[in-house]
Amino acid sequence: MDKPEASSLVLHVQSKADLPGAAAELIRFAATQTVWLFEGDMAAGKTTFIKAIGAVKGVTDAVSSPTYSLVNEYETTQGEKLYHFDFYRINSEEEALDMGVLDYLDSGNICMVEWPSKIKSLLPETYLLVTLEVGAGEARTITLKH
């Protein structure tokens, strides 16, 4: 049986002011998908976009990069948990296993993962891929793909 074709959506943002709208589109497009993988070059805006997603979801705490802690947990005003991972600094998948990444990914809560290539063999079969490409100034092209 053939695998169903992936669906995709391309968002064009001209500035940071456009990010809340793009975040709302991502949330709608993700539907029930809870593992979101963020790819893009260093300084492409992955963490900045995740901050916008947190704001749209109702996170009241400051959203920041978990570069040194590996994961930050946030709670929305509706009591929903969001997990934000940054695996840039890990040297092996074993480090991610040691911090319980599989439990997080299997939790049913939204897991937003920066630098997913560092834990490639640990990722579930299905996920939402979010690719950020840098344009002129603050412009970004954000591609969403199931």
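Just so you know, we're using the working numbering here: the sequence shown kicks off at 148 and counts up by one.
Each residue gets a CB set at the ideal place from its N, CA and C atoms; glycine is no exception.
Keep in mind that this is a model prediction, so the values were computed, not measured.
Please state if the CB of residue j and the CB of residue i are separated by a distance shorter than 8 Å.
i    : j    : result
L244 : P271 : no
V203 : A170 : yes
A191 : L275 : no
Name the DSSP beta bridge partners of residue i, please?
i    : result
N219 : H231
H159 : T288
If you draw a straight line from the C-alpha of residue i to the C-alpha of residue j, how long is it?
i    : j    : result
L158 : L291 : 8 Å
A209 : G201 : 9 Å
G226 : L173 : 20 Å
E222 : H231 : 11 Å
A177 : H293 : 8 Å
D149 : E261 : Residue confidence for D149 is low, a pLDDT of 45 falling below 50, so the modelled location carries little weight; the figure read from the coordinates is stated next. Taking the straight line joining both Cα atoms gives about 30 Å.
From the DSSP output, in three-state form, read off residue i for me.
i    : result
R287 : strand
I174 : helix
V248 : helix
L275 : strand
Y210 : The amino acid occupying residue 210 in the given sequence is Val; Tyr does not appear at that position. Here V210 sits in coil by DSSP.
L166 : helix
According to the neighbour-count rule (16 or more other Cβ atoms, all chains shown, within 10 Å of its Cβ), is residue i buried or exposed?
i    : result
A283 : exposed
G187 : buried
N219 : buried
A286 : exposed
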